Every structure is written in structure tokens, then in C-alpha cells.
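Engineer: Pasting in a structure now, in C-alpha cells, and then I'll have a few things to ask.
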Amino acid sequence: KNDWGDSRAGFDAITGKVEITCDPDEVDWVPPMMSDIIFVGDHIATRDDSSAIVHFADMSTWVMKPNTEIFIETPPEQETKIGLVLGRLWNNTKKLLFEGTMEIETTQAVAGIKGTTLEMETDGTTTTLKVIAGKVEFSSKATHESVLVNSGEQVSADANGLSEVIPFDTAAEIESWTPFVNDPAVLQVTEGVEYQPEDTYSSAPAIDSANKPGFLRKLRDKLFGKICAGIFPGLAAVVFTFTARRKNHHD
432 KNDWGDSRAG
442 FDAITGKVEI
452 TCDPDEVDWV
462 PPMMSDIIFV
472 GDHIATRDDS
482 SAIVHFADMS
492 TWVMKPNTEI
502 FIETPPEQET
512 KIGLVLGRLW
522 NNTKKLLFEG
532 TMEIETTQAV
542 AGIKGTTLEM
552 ETDGTTTTLK
562 VIAGKVEFSS
572 KATHESVLVN
582 SGEQVSADAN
592 GLSEVIPFDT
602 AAEIESWTPF
612 VNDPAVLQVT
622 EGVEYQPEDT
632 YSSAPAIDSA
642 NKPGFLRKLR
652 DKLFGKICAG
662 IFPGLAAVVF
672 TFTARRKNHH
682 D
């Protein structure tokens, strides 16, 4: 069960096999719907040849390449923090609800974002940050050393600390992401940030009538919205087993 509430994040695109769970160690992964609520603490994963685009209430956009897993760490009334477990993540932050920073955290490092376009990737042992536009403060968890990374620069972190900051080809990097978005505007470079009051945002984009949930779905969300969807197959198995045992007992 997830008690942390609606993260005010939502799906803009789901391509191929994308799955979500509130607890990857205890609960089954299930495919989400575009209209699903993403709760704080939820994990989202893309599988082989799959991708997803997730937005937040402040209109920041996150593109997930294949074999990427993220999780939502903070509720919407706090500064946004995303955990990158594995894979490659594109972030474009245009507006923030708070005059602070947004963070992406991995096992090795933390990146503080403020009006930035960037890519971050990790294989579980090394995290690499590439700044397409803007500036990002990148901190090593192992040594607590920090460095300011500028547009067109990249740096990595591992168990030994930070690597040297070196340049990279931003145009080639942007091009590598184009197969994973339907609208090239998603990859439009942003530098600088506009702060907006929280009440200027809605929690989700408009959903066309064909994808709107029906009465039963709305009732389920209202009654059980904070229960991780992956729990239901397990509950069904328990009910089935219990029913079968009772039947055998009476026989």
C-alpha cells in the first residue's frame, strides 16, 4: 500500500512494454494506463525496445529510454526528486513550483537541476551526467565532492568519486533521443527557469474521451487509489486458493 499520495505526475506517452509498481521487491509490476495516477514512491520501468514520457505539474518533462527505471521520491508540495535506478533519462525543466532545485539521484551521485536540459544515465555502478543546456551541480555520494557542469560538458561518478569534466557533442546526443519521442518539441533545449505558483498547474493533462476511465474505474480509484495495482493479482491468487481449499474441505 502506498500512503504518500498523488505525485501530480502523469504519462505523456507509453511505447512498448512499460510497467509500474509501488514496491519492486514485494509487488508485481503491471502495465499502466495513460490516465493512471502516479503515486509518490512508485517505480516506473521501460523494457526492451520501449520508452515512456512522464510530465510533472511544473511542466518538467522526463523521457525514459529502453531498460530504464525511475522512482518518484517526493510529494508535489516539496521540491521534486527523482530516483534513477538504472538506464538513461532525459530531463527538460522549464518551470518550477519552488525557488529551489529539482534533483535526480542515483546510487553514486545527485544532480541539482535548475532550468536545465540534460541526460543522466547509470548502470548501477557508474553515473554519467551530460548537460545539453544550462548548469547542473553534480555531487558524488562517495566523496561528497561537487562540481558545476556547464552546457556541452559531461562528468561521471563511481565508488571512487568524480571523473574529469570533459566536452561532448550535444547535437549528436539530442539526435540519439529523437526515435523515442513523437514530437521533437519535447527535446527542445531549455536554459533558464520560470517560477510559478503551485495553483497554476493541474495534476494531469487533458485526456480524450476514448481514454477516460469509466464509472467502475473511477470508483476503484476513489476507494483504492492508494493501493498499488500490482497487489491485485496477488489478492486474486489468495482468494482463489482460499476458495479452492474451502471447496476441497466440504467435499
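Converting from the sequence shown to this note's numbering requires adding 431 to each position, the first position being numbered 1.
Yeah, the Cβ is synthetic: ideal placement off N, Cα and C, and Gly gets one too.
As the structure is a computational prediction, the values presented were derived from the model and not from experiment.
Could you give the residue range of the beta strand (DSSP E) that holds W608?
Structural biologist: Careful: W608 lies outside any beta strand (DSSP E), inside the alpha helix (DSSP H) at T601 to W608.
Engineer: With 16 as the cutoff for other CB atoms within 10 Å, does N523 come out buried or exposed?
Structural biologist: buried
Engineer: Give the DSSP-derived three-state secondary structure of P598 in the structure shown.
Structural biologist: strand
Engineer: Please name the residue or residues paired with I468 in a DSSP beta bridge.
Structural biologist: Residue pairing of I468 in beta bridges, as defined by DSSP: absent, with no partner found.
Engineer: Whether or not the segment 493 to 509 and the segment 469 to 476 are in contact is what I'm after, with contact meaning three or more pairs of Cβ atoms, one per stretch, closer than 8 Å; do they touch?
Structural biologist: Cβ pair count under 8 Å is three or more, so yes.
Engineer: Can you name the start and end residues of the beta strand (DSSP E) that Q585 belongs to?
Structural biologist: Bounds of the beta strand (DSSP E) holding Q585 are E584 to D589.
Engineer: Take the Cβ of Q539 as the centre, count every other Cβ of all protein chains shown within 10 Å, and call the residue buried at 16 or more, exposed below.
Structural biologist: buried
Engineer: Compute the distance between the beta-carbons of M495 and L517, then report whether it is under 7 Å.
Structural biologist: no
Engineer: State the Cα-Cα distance for the pair K448 and D459, rounded to the nearest angstrom.
Structural biologist: 14 Å
Engineer: Would you kindly check if the distance between the Cβ of S481 and the Cβ of T446 is under 7 Å?
Structural biologist: The Cβ atoms of T446 and S481 sit closer than 7 Å to each other.
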